[in-house]
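Following: one structure in structure tokens, then a few remarks.
Protein chains: 2
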Amino acid sequence: MQTQGQVRSANLAAALACLRDGGPRSRARLATDTGLTKATVSSLVTELVERGLVAEGAVHRPGSVGRPGTLVGLAGGVCGIGVEVNVDYLAVLALDLAGQVRWESRTALDVPGLRPVEVLARASALVSEARANQAAAAVGVTVAVPGGVQGSVVRTAPNLPGWVGTDVAAGLAGLGLPVTVGNDADLSALAEVSAGPHAGVPDLVYLTGEVGVGGGVVTGGQLLRGSTGLGGEVGHLALTPGDAPCGCGRRGCWETVVGLGALLRAAADPDDPLRDPGRDLEDRLGEVVARARAGDARTLEALAGIGTGLGVGAAVLVALFDPAVVVLGGYFAVVGEFLLDPLRAALAARVEDADRVALSTLGFTAAVRGGAHVALQPVFDNPTIVPLEASA
Amino acid sequence: MQTQGQVRSANLAAALACLRDGGPRSRARLATDTGLTKATVSSLVTELVERGLVAEGAVHRPGSVGRPGTLVGLAGGVCGIGVEVNVDYLAVLALDLAGQVRWESRTALDVPGLRPVEVLARASALVSEARANQAAAAVGVTVAVPGGVQGSVVRTAPNLPGWVGTDVAAGLAGLGLPVTVGNDADLSALAEVSAGPHAGVPDLVYLTGEVGVGGGVVTGGQLLRGSTGLGGEVGHLALTPGDAPCGCGRRGCWETVVGLGALLRAAADPDDPLRDPGRDLEDRLGEVVARARAGDARTLEALAGIGTGLGVGAAVLVALFDPAVVVLGGYFAVVGEFLLDPLRAALAARVEDADRVALSTLGFTAAVRGGAHVALQPVFDNPTIVPLEASA
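Those protein sequence lines, which keep their order, are chains A and B.
At position 270 of the first sequence the residue is numbered 270 (this note's numbering), and the sequence of numbers has no breaks.
At position 352 of the second sequence the residue is numbered 744 (this note's numbering), and the sequence of numbers has no breaks.
Below, the structure is given as structure tokens:
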């Protein structure tokens with residue numbers, strides 16, 4: 001048996017989910033769509049407005065007669081905050097319930113050179129900055145890490161070995177917010193199916209190229225987690241022939257073939273500024289693109305090698321997961337115009353329908369966006385966790 | 393709004409699911425577990441008995457005092473029929489709703505040497521034999537094929553290329569029963585999670601060794617189908633280093649390394665009776681096991697090679713799907729005692745927790761059992777599809 005309070009909370013959640021999935025609509029339409037009475041819906045909308053979760057606005061519909069309709073839609077009163085700890089940067093993004101980015105920052109940082117507690121202190125400061133500089137009240141933080149997690153503890157992190165065993169939530173406890181932790185590519189995959197061109201796609205593989213190579217898999221509409229939460233890991237599989245040593249201690253891992261290091265080594269000599277890890281990654285990638293556009297043979301050949309390696313490995317993933325689309329993120333998306341042709345050629349030699357590859361439009365924000373979506377989820381599960389004064 | 397008939401049908405389904413998932417129980421307990429009144433449950437049970445779907449029996453509980461309790465449980469009034477078309481055999485199994493095998497047969501058949509229409513005529517005759525020789529009324533047929541299907545049409549079948557484009561359901565239309573079609577390894581994976589030691593396991597990979605090698609993946613409690621229904625295919629991936637030509641036209645596919653042909657070629661010369669495709673497969677595998685147990689070096693070496701190849705490839709699957717268990721079926725299970733050590737060694741060198749490998753206890757019946765489960769599913773979805781006279 002549900003108590004009255006539980007019924008009310010479930011009805012608030014149903015109304016909110018309806019507005020999220022189908023967009024703004026009139027109160028009358030919301031009643032029809034939720035199967036609730038108009039009186040109940042009116043009362044629910046009033047409460048959701050008071051909690052800062054929905055807003056009402058007059059909308060003039062071109063061509064319609066009579067007074068303008070009043071539509072109810074999600075509001076920006078609260079936000080979720082995504083944090084990404086990667087090998088060479090820290091990123092933070094605040095996304096409000098209405099889907100607007102309220103704040104974002106990305107800072108180059110030599111993460112392996114610092115202790116996790118120091119990195120998390122910086123992350124905490126960035127989150128505080130994000131909260132101070134926009135009005136939406138933060139409801140939670142989700143941290144993306146380049147590795148596997150169980151609960152809030154890092155279990156595997158081939159490119160950040162010093163982080164294994166770190167309880168990331170504990171390091172951010174000073175924020176006084178709920179903190180969850182996830183794999184960067186998993187969160188990026190969730191971002192891709194949450195909004196944008198692939199919103200709602202039930203079967204999608206997301207590949208992110210950074211120092212490491214990560215994979216996130218959505219299958220049958222669910223994130224593939226596996227029995228220990230470590231599913232979908234692709235970077236340290238021998239998906240392509242190769243024998244180069246990997247940071248993880250093994251040889252021939254896929255990221256030794258298609259990771260950022262492989263591109264930079266193939267494209268530039270050791271003393272080339274491209275290889276300077278102190279320079280901002282986007283600057284360096286911009287230079288790779290500039291050289292490729294100028295027709296530099298070595299750069300083009302290096303990029304073609306990455307594309308082919310991606311295609312050979314992606315063929316395995318396409319055969320196993322049969323996704324509607326493989327989305328390339330991270331550095332793959334930045335240099336994507338030079339990867340797609342060799343990638344599709346390698347894929348077409350191995351699987352049917354090699355067209356199912358797309359470049360992410362989220363840039364390096366995919367993981368923090370996905371994190372922010374996850375941080376907002378508890379509000380959709382139970383809107384009453386947001387206090388009534390949130391809109392004040 | 394649900395009509396009264398829909399509510400009744402949903403309540404019948406809820407009662408049936410409850411008995412399937414938790415086993416026999418008293419009417420009073422069934423009322424508690426379904427949240428329905430005792431009067432409603434009594435009426436539901438009466439109807440389910442009339443449809444042949446449940447039975448009531450007095451049960452003496454040792455140590456209990458008073459009159460014996462009467463328990464309600466699933467009955468054997470109806471059955472689902474699984475059919476498997478494989479490269480060298482046809483199999484049929486009738487499984488009743490109570491989980492009892494009512495009929496089974498397996499017939500060696502040179503399937504590639506016949507036209508699909510001829511093979512389906514034989515399958516149809518075997519299904520008729522299964523129906524004639526036991527009393528449970530058949531509610532449907534599900535056919536397992538060694539390939540990918542869309543709807544009831546075979547889309548890919550590397551080891552039965554003549555079947556591509558075949559509408560299997562159309563070929564069995566003469567039975568007058570609903571016919572569905574699935575991939576053999578997918579259906580086997582469903583059989584593994586439906587009953588037996590892995591019942592209810594949410595993340596499981598099933599590998600079947602036959603002439604081909606098939607994979608079925610259950611992740612997050614769902615069968616992984618993918619966007620076109622062709623997910624989970626493993627046999628034609630280059631999961632292990634190798635360059636041998638494959639029946640599919642490519643080179644180095646996993647089944648050229650671990651398929652039945654690879655074992656027999658490594659274990660025996662071409663004129664050895666083991667290599668005679670006309671002999672029954674189980675007889676030949678029995679001889680492989682006998683030779684291995686007798687310590688024959690060539691046989692042991694061949695089996696170790698298969699085990700290692702399985703471990704190298706399974707490492708990729710374990711990393712991607714993170715299953716609680718990888719179940720080995722088909723010929724892998726028959727010779728499994730000689731595969732497990734080298735398999736686990738290869739796996740342990742590549743992934744954490746190499747213990748998650750088990751041999752199927754279903755023998756060559758996994759696919760037909762899974763098919764029978766799928767054929768029974770519509771009864772669980774809506775028990776009223778079974779006529780009231782079914783128990784007569």
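Positions of the beta carbon are idealized from the N, C-alpha and C atoms, including for glycine.
Run through chain A and tell me which residues come within less than 9 Å of residue i, C-beta to C-beta.
i	result
E625 of chain B	A319, L320, D322
Hey, is residue i's beta-carbon within less than 7 Å of any beta-carbon in chain B?
i	result
T308 of chain A	no
V213 of chain A	no
L237 of chain A	yes
V7 of chain A	no
Mind listing the chain B neighbours of residue i? Cutoff is C-beta to C-beta under 7 Å, in chain order.
i	result
S227 of chain A	D595, D714, P715, A716
Can you pull the chain A residues whose beta carbon is under 8 Å from the beta carbon of residue i, in chain order?
i	result
V433 of chain B	The contacting residues do not exist; V433 of chain B stays about 18 Å from chain A at best.
Going along chain B in order, which residues have a C-beta closer than 9 Å to the C-beta of residue i?
i	result
L230 of chain A	A711, D714, E744
V316 of chain A	L629, A630, L631, V708, L712
Does any residue of chain A bring its CB to less than 7 Å from the CB of residue i?
i	result
L616 of chain B	yes
T371 of chain B	Nothing about residue 371 of chain B can be read from this structure; chain B reaches only from 393 to 784.
G612 of chain B	yes
S783 of chain B	Here the model assigns S783 of chain B a pLDDT of 46, short of 50, so the residue's position is not dependable and the matter cannot be decided.
Measuring alpha carbon to alpha carbon, tell me which residue in the options is nearest residue i.
i	options	result
G701 of chain B	B:T757, B:V626, B:F713, B:V766	B:V626
L731 of chain B	B:R685, B:S516, B:D714, B:T426	B:R685
Q150 of chain A	A:G231, A:S9, A:A238	A:G231
T361 of chain A	A:V335, A:T228, A:F380, A:E129	A:V335
G229 of chain A	B:G653, B:T534, B:E744	B:E744
G147 of chain A	A:A345, A:G212, A:G252, A:V357	A:G212
G162 of chain A	A:A138, A:S105, A:F332, A:E118	A:E118
G77 of chain A	A:A91, A:V41, A:Y89, A:L48	A:L48
V288 of chain A	A:P383, A:R251, A:Y331	A:Y331
V446 of chain B	B:L466, B:A431, B:V433, B:G461	B:L466
G82 of chain A	A:P273, A:L177, A:T256	A:L177
L471 of chain B	B:G651, B:R523, B:L751	Reading off the sequence shown, one finds Cys at residue 471 of chain B, where the question assumed Leu. That would be B:R523, whose Cα lies nearest to the Cα of C471 of chain B.
H628 of chain B	B:G644, B:T432, B:G613	B:G644
V766 of chain B	B:L656, B:T534, B:I698	B:T534
L692 of chain B	B:D733, B:F713, B:V479, B:L487	B:D733
Y481 of chain B	B:A490, B:A536, B:V493	B:A536
S124 of chain A	A:V386, A:V179, A:L160	A:V179
A750 of chain B	B:R761, B:P715, B:A562, B:P504	B:P715
V719 of chain B	B:A500, B:A513, B:S580	B:S580
P158 of chain A	A:P245, A:L264, A:E56	A:P245
V201 of chain A	A:N183, A:V218, A:T208	A:V218
A315 of chain A	A:G174, A:T240, A:L175	A:T240
Applying a beta-carbon distance threshold of less than 8 Å, which residues of chain B neighbour residue i?
i	result
G76 of chain A	Those within 8 Å of G76 of chain A in chain B number zero; the least Cβ separation is about 32 Å.
Given a cut-off of 7 Å, decide if residue j and residue i are closer than it, judged by their beta-carbon atoms.
i	j	result
A185 of chain A	G140 of chain A	no
A738 of chain B	V704 of chain B	yes
L93 of chain A	A366 of chain A	no
P378 of chain A	A13 of chain A	no
L780 of chain B	E442 of chain B	yes
A658 of chain B	G697 of chain B	yes
A587 of chain B	V760 of chain B	no
R106 of chain A	Q134 of chain A	no
V717 of chain B	R667 of chain B	no
>> Which runs of the beta strand (DSSP E) at least 3 residues long sit entirely within the region 505–547 of chain B? Give them in chain order.
In response: 529–537, 540–542
>> Runs of 3 residues minimum, wholly inside the region 478–508 of chain B: which ones carry the beta strand (DSSP E) assignment?
In response: 481–488, 493–500
> Along the chain, which unbroken stretches of the beta strand (DSSP E) at least 3 residues long are found entirely within the region 605–682 of chain B?
Replying inline: 605–611
>> Runs of 3 residues minimum, wholly inside the region 672–738 of chain B: which ones carry the beta strand (DSSP E) assignment?
In response: List check, beta strand (DSSP E) in window: 717–722.
> Which ranges would you report for the beta strand (DSSP E) in the region 542–579 of chain B if only whole runs of at least 3 residues count?
Replying inline: 545–548, 571–575
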